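Peer 1: Numbering (our numbering), first residue to last: 295 to 662. In this text, a Cβ means the ideal position worked out from N, Cα and C, and glycines have one as well. Quick caveat: nothing in here was measured; it's all calculated off a predicted structure. Structure provided below as structure tokens; questions to follow.
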Ligand code: F6P
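Now the structure itself:
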């Protein structure tokens, strides 16, 4: 395996963690820039770190990345279970958790990989930081619909998820108003409320509930009851999957064995519908958007962001930068050390300007 300052002739490319719209746009930008501008070989690593661990890799040609700019998902496949530092190996009929980083280094060296571009969120960047310690040079590209990656003001995939969620909320609006109901729409985002805040504001939701501002049931109910007293016979609530009652806990839908973050959130909308209906006697319905938010073609914004991220990642590697994450700050691209972002997330400041604007136009956050 090359040491970090050896010149780069072959790069590996992988997508890790949950998929999101725009992954293929980055794969295309990286591969085409690498071939076109720098005459490099590009090796696809399949299914995130799994491909590196199991040595499933193949050279990518220009044609392989043609016509994928607008496609959702990832042609490389992904996994949010494989962590090279904690990988389950079957020994004598039972799973033993092992550090398989040396195996990754050997596999990468055998196919001639000099550096890897890892497109992913915090789990992928933490895994990459672990492999950097073993001598594999990395450049990270920030992906996630959750927009919660530390160090960057935006990740690609987020905008598309917000557009999808807003479209769903607009549709729910008409049925809520026809039936005079309280409709509660749950969006993803893990421990951060970025999707809920943006889609909630964009759709004119009456309440927005996010993990960063724990709610009280009485405040939520007051808000919908006040609306009905003022002749508004329906309410729309956008709730982040990580939202929780003051003093309460987040709603967990399942636990995934061997995942770097085994907790999967989900179900808070159902609980809210039950609680609000019981307390107010207003008819409630819940909608959980789920993985719809991760699917479909990327928005124009995400296509351009993903293309600029992918191009910049290669340019930075070729300029000698190593073990960093491409970020956008105040609209400008730059990089930050991977070690700085690993194991951290970016949540919303409760005094964020968009929260202030939403409150100013009458949106309730369940804390008044
Ligand atoms: O991180 C992206 C995300 O979609 C989160 O918003 C959500 O909590 C989680 O992944 C769902 O994970 P899975 O695809 O394993 O159900």
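Determine, using beta-carbon pairs with one atom in the region 481-500 and one in the region 439-454, whether at least three such pairs fall under 8 Å.
Peer 2: A contact exists between the region 481-500 and the region 439-454.
Peer 1: Using CA coordinates, which residue listed in 396, 624, 381 and 409 is at the minimum distance from residue 390?
Peer 2: Ranking 396, 624, 381 and 409 by Cα distance to residue 390 puts 381 first.
Peer 1: Three or more C-beta pairs closer than 8 Å, one from the region 399-412 and one from the region 567-586: is that the case here?
Peer 2: Judged by Cβ distances under 8 Å, the region 399-412 makes no contact with the region 567-586, as fewer than three pairs qualify.
Peer 1: Take residue 439 and list the residues in its own chain whose beta-carbon comes closer than 7 Å to its own, dropping the five residues that flank it on each side.
Peer 2: Correct list, in chain order: 314, 451, 452, 455, 482, 489, 587 and 588.
Peer 1: Could you say which of 447, 590 and 535 lies nearest to residue 564 if we only look at CA atoms?
Peer 2: Closest by alpha carbon: 535.
Peer 1: Please classify residue 541 as buried or exposed, where buried requires at least 16 other C-beta atoms within 10 Å of its C-beta.
Peer 2: With fewer than 16 other Cβ atoms within 10 Å, it is exposed.
Peer 1: Does residue 523 pass the burial test, meaning 16 or more other C-beta atoms within 10 Å, or should it be called exposed?
Peer 2: With fewer than 16 Cβ atoms within 10 Å of its Cβ, residue 523 is classed as exposed.
Peer 1: Can you tell me the Cα-Cα spacing of residue 513 and residue 649, whole angstroms?
Peer 2: C-alpha separation (whole angstroms): 17 Å.
Peer 1: Can you tell me whether residue 437 is helix, strand or coil according to DSSP?
Peer 2: Reduced to three states, the DSSP call for residue 437 is strand.
Peer 1: Please identify the residue among 449, 503 and 386 whose C-alpha is closest to the C-alpha of residue 662.
Peer 2: Taking only the C-alpha atoms, the option nearest residue 662 is 503.
Peer 1: Rank 427, 426 and 349 by C-alpha distance to the C-alpha of residue 400 and give the top, closest one.
Peer 2: Checking every option, the nearest Cα to that of residue 400 belongs to 349.
Peer 1: List the residues that DSSP assigns as beta-bridge partners of residue 432.
Peer 2: Note: residue 432 sits in a beta bridge opposite 410.
Peer 1: Quick one: give me the first and last residue of the alpha helix (DSSP H) that residue 521 is part of.
Peer 2: 511-523 is the span of the alpha helix (DSSP H), which, as asked, contains residue 521.
Peer 1: Compare the Cα-Cα distances from residue 361 to each of 345, 519 and 321 and report the closest residue.
Peer 2: If we check each option's Cα against that of residue 361, 321 comes out closest.
Peer 1: Could you name the residues of the same chain whose beta carbon sits closer than 6 Å to that of residue 591, not counting the 5 residues immediately before and after it, in chain order?
Peer 2: Contacts found: 364 and 366.
Peer 1: Using 6 Å as the cut-off, classify the Cβ of residue 482 as near or not near the heavy atoms of the ligand F6P, replying yes or no.
Peer 2: Yes - the ligand F6P has a heavy atom lying nearer than 6 Å to the Cβ of residue 482.
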